[in-house]
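Right, one structure below, let's go through it.
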Amino acid sequence: MVRRDKHIHTLDPLNASAMSEAKTVGVQRPQEVRFQMVDRLPLPSDSQLQAAALQTGFLGPMIAGLTLGHSILIRHGQMSRRLLSHECRHVFQYEQAESIAEFLPLYLQSIVQVGY
Ligand SMILES: [Zn+2]
140 MVRRDKHIHT LDPLNASAMS EAKTVGVQRP QEVRFQMVDR LPLPSDSQLQ AAALQTGFLG
200 PMIAGLTLGH SILIRHGQMS RRLLSHECRH VFQYEQAESI AEFLPLYLQS IVQVGY
C-alpha cells in the first residue's frame with residue numbers, strides 16, 4: 140500500500156498551506172494546532188465517553204480523523220486537504236466553545252448527524 144503521508148511526522152504543527160486553510164475555516168490560533176498520524180483512533184479512557192463513543196459509532200474503524208482541542212488525529216492513509224479542513228473546523232468549534240467539556244457534546248452531535 141502506498142502511504143501518501145510519509146512526509147508527515149508525529150505531532151507536527153501545520154505547514155504554511157494547512158495553516159492558511161485553518162484560518163480560512165475560522166481557526167483563531169492555527170499555530171497551536173498539532174496533528175498526528177495514527178494506526179487507529181484511541182477510545183477515551185473515561186468510561187462515559189467510551190460508552191458514548193461506542194454507542195454512536197464514533198471512533199469505529201471507518202472514522203478517518205478525530206479532533207480534541209487543538210490536537211488532530213488522522214488515521215494513516217486518510218490524510219487529505221478536505222479531511223484536514225474538516226478537522227480544522229472542529230478546532231474552530233472548540234475555540235468557540237473554549238473548553239472540551241462544552242465542545243464535546245456539539246462534536247458528538249455532529250458525528251451522529253454527519254457520520255464523522
Ligand atoms: Zn467531523
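Per our numbering, residue 140 is the first one in the sequence shown, and the count goes up by one each step.
Backbone N, C-alpha and C define an ideal beta-carbon position, used for all residues, glycine too.
Here the structure is a predicted model, which is why all the values come from computation and not from measurement.
Can the beta-carbon of L193 be found less than 8 Å from the beta-carbon of G204?
-> Taking the first residue of the sequence shown as 1, we reach residue 193 at position 54. Taking the first residue of the sequence shown as 1, we reach residue 204 at position 65. In this structure, G204 does not lie closer than 8 Å to L193 by Cβ.
Element boundaries [beta strand (DSSP E), containing L207] | Translated into the one-based positions of the sequence shown, residue 207 becomes position 68. Run containing L207: 204 to 207, per the beta strand (DSSP E) assignment.
Cα-Cα separation, D151 to R168 = Along the sequence shown, one-based indexing puts residue 151 at 12. Along the sequence shown, one-based indexing puts residue 168 at 29. If you take the alpha carbons of D151 and R168, they lie about 15 Å apart.
Spatial distance of R214 from R179 (CA atoms) | For the purposes of this step, residue 214 is taken as residue 75 along the sequence shown, with counting starting at 1. For the purposes of this step, residue 179 is taken as residue 40 along the sequence shown, with counting starting at 1. Computed Cα separation, rounded: 6 Å.
Going by the C-beta, is H209 closer than 7 Å to any heavy atom of ligand 1?
-> Here residue 209 is taken as the residue at index 70 of the sequence shown, counted from 1. Checking the Cβ of H209 against ligand 1 gives no.
Got a sec: does ligand 1 put a non-hydrogen atom nearer than 7 Å to the Cβ of S219?
-> The residue you call residue 219 lines up with position 80 of the sequence shown. No, the beta carbon of S219 sits no closer than 7 Å to any heavy atom of ligand 1.
Return the bridge partner residues of V176 from the DSSP annotation.
-> Within the sequence shown, numbered from 1, the residue matching residue 176 stands at position 37. Correcting the residue identity first, residue 176 is Met in this sequence and not Val. Per DSSP, I213.
Confirm the yes/no value for this check: CB of S184, any heavy atom of ligand 1, distance under 7 Å.
-> One-based indexing of the sequence shown puts residue 184 at position 45. Not under cutoff, so the answer is no.
Run the proximity test for H225: is its beta-carbon closer than 7 Å to any non-hydrogen atom belonging to ligand 1?
-> For the purposes of this step, residue 225 is taken as the residue at position 86 of the sequence shown. Yes, the beta carbon of H225 sits closer than 7 Å to at least one heavy atom of ligand 1.
Exposure label - E237; buried when at least 16 CB within 10 Å | Residue 237 sits at position 98 when you count from the first residue of the sequence shown. It is exposed - the Cβ of E237 has fewer than 16 other Cβ atoms within 10 Å.
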